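Structure record follows, encoded as structure tokens.
Numbering (the working numbering), first residue to last: 11 to 494.
Here is the structure:
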């Protein structure tokens, strides 16, 4: 006879066991959402109690209804990883892992594991308050081409997480609600009636906790003018066009197309073109560059209505950059709407580029800050870049910046655009010093306008789908703090 699966433990038994190991604490605790709570659930402890971990995993997976089928599971790092592992092993369901920090070596993937496009992934979490951690995991899964429609959690704190997730297309299934847990503890004499009332009062007063990245209590959101209003303020035709494209396409996404060949760039430009407002190139890295590259890229840009930004980072004296801009092998002036420059050589560099670019209606971004660790573009350097931009409003369209909200005067002149590189779905860094921030932190908290995304799209299994996810996140972040 085949062995029967062990009986599913009762909810009461699981809750009492959690209390026995001090995984349920009462006091005054600050949660990830920023609010203070009289109860704290520390499920990290369960890894040291294999039997309890196994029982919890059995009960959680049984919570998911048959009407919500899935192909793979993914635990929210880190506490839910052992739970997801138990579910995977006991149910013979493949598991994926989301990296909290994306590395630049190896595969450089945000999602580890074997999967196919359009497979359905069930997210596993230990407990949910606002749902922020589930959303942080869902984003890279979706960007990788997976479908995320359901999440299962051990404990629902009943504080808005279910509603926040539903707004993002995810149905939450909970093993137990916090109010039910406290009721059982009170019935079994583990907590007093007074403690139960205190927790219930807290829940009643905090029924709706916002996703912290959207309204953290200790972070001031940057309120900005809508792009359509800012388009009327700019004196440069390319800057005006960029604002207008962003509004028309509801996109503040720039693709950093740092690929190895011109052929690859043209291919990915056509694939992600509908999702982007701007494409950033490094034309001097292409071994297969040909004189018709510019016209081919220009045709794709016109087809999909995006601007071309050649990330040339001019840095020489005025006369030299004039020749580099117009001539040489690449003839950048002929096809790039926007270029950028360091100001290390002084304001004359802008004069030199302006001499050729302004008659053609081109625009210039100044490198006010950089996203690499240990860079020197900060402080007085940034202040000098702002001053030069103010002196050339007809040609300078904005800045490459990292945290303009922290500048002495904030992001400053709304006619100027801020574009920020180093954007990923999760925060982190690579082995070469690049620092990553999320679309929300860049737009809503740091005061930028355009997210520049490279590897998160280029290395995705489905670049077009990844670009769409970044576009939606970037635009949502803009809308959160846009003065309507």
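All C-beta atoms in this analysis are idealised placements derived from N, C-alpha and C, irrespective of residue type, glycine included.
Just so we're clear, the structure is a prediction, and the values are computed from it rather than from any experiment.
- Per the C-alpha coordinates, the member of 193, 139, 89 and 82 positioned closest to residue 124 is 82.
- In this chain, the alpha helix (DSSP H) harbouring residue 174 covers 171–177.
- In this structure residue 340 does not touch residue 331 by the C-beta definition: roughly 13 Å separates them, more than the 8 Å allowed.
- Counting C-beta atoms within 10 angstroms of its own C-beta, residue 321 has 16 or more neighbours from the protein chains shown and is therefore classed as buried.
- Between residue 283 and residue 316 the beta-carbon gap is near 6 Å, inside 8 Å, which marks them as a contact.
- DSSP, reduced to helix, strand and coil, places residue 164 within a strand of the structure shown.
- Of the residues assessed, residue 30 falls on the exposed side of the cut-off, its CB having fewer than 16 other CB atoms within 10 angstroms.
- Cβ neighbours of residue 380 within its own chain (closer than 6 Å, five residues either side excluded): 387.
- Inter-segment contact for the segment 248–262 and the segment 469–476 is absent: fewer than three beta-carbon pairs are separated by less than 8 Å.
- Only residues of its own chain outside the window of five on either side were considered, and among them 195 have a CB closer than 6 Å to the CB of residue 201, listed in chain order.
- Nearest to residue 209 by alpha-carbon distance, out of 38, 95, 277 and 134, is 38.
- As the crow flies, the alpha-carbon of residue 314 is around 59 Å from that of residue 23.
- Counted as a single uninterrupted DSSP element, the beta strand (DSSP E) harbouring residue 184 occupies residues 181–187.
- Shown here, residue 337 sits in coil according to DSSP, grouped into three states, outside any helix or strand.
- Under the 8 Å Cβ criterion, the segment 66–86 counts as touching the segment 100–107, having at least three qualifying pairs.
- In summary, residue 167 is buried, with 16 or more beta-carbon neighbours lying within 10 Å of its beta-carbon over all protein chains present.
- Shown here, residue 348 sits in a strand according to DSSP, grouped into three states.
- For residue 136, the enclosing beta strand (DSSP E) begins and ends at 130–138.
- With contacts defined by Cβ atoms closer than 7 Å, residue 174 and residue 140 form a contacting pair.
- Per DSSP, the beta-bridge partners of residue 428 are 409.
- Rounded to whole angstroms, the separation of the alpha carbons of residue 71 and residue 271 is 46 Å.
- Residue pairing of residue 39 in beta bridges, as defined by DSSP: 47.
- With fewer than 16 other Cβ atoms from the protein chains shown falling within 10 Å of its own Cβ, residue 245 counts as exposed.
- Beta-bridge annotation (DSSP): residue 108 is paired with 121.
- In this chain, residue 274 is not harboured by any beta strand (DSSP E); it is covered by the alpha helix (DSSP H) spanning 272–282.
- Excluding five sequence positions before and after residue 371, the CB atoms of its chain that fall closer than 7 Å to its own CB belong to 247 and 248, given in chain order.
- Between the alpha carbons of residue 181 and residue 108 lies a distance of about 20 Å.
- For residue 163 against residue 184, the beta-carbon gap comes to about 5 Å, under 8 Å, which counts as contact.
- The C-beta distance from residue 36 to residue 56 rounds to 18 Å, too long to meet the 8 Å contact threshold.
- For residue 310, no beta strand (DSSP E) run applies; the uninterrupted alpha helix (DSSP H) run containing it begins and ends at 303–314, by DSSP.
- Judged by DSSP secondary structure, residue 299 falls outside any alpha helix (DSSP H); it is assigned neither H nor E.
- The segment 235–275 is shown to contain whole beta strand (DSSP E) runs of 3 or more residues at 263–266, in chain order.
- Taking residue 431 as reference, the option from 394, 291, 120 and 62 with the minimal CA-CA separation is 291.
- Looking at the DSSP output, residue 288 sits in a beta bridge with 264 and 317.
- Looking from the CA of residue 97, the closest CA among 132, 122, 59 and 303 belongs to 132.
- Note that the C-beta distance between residue 481 and residue 206 is not below 7 Å.
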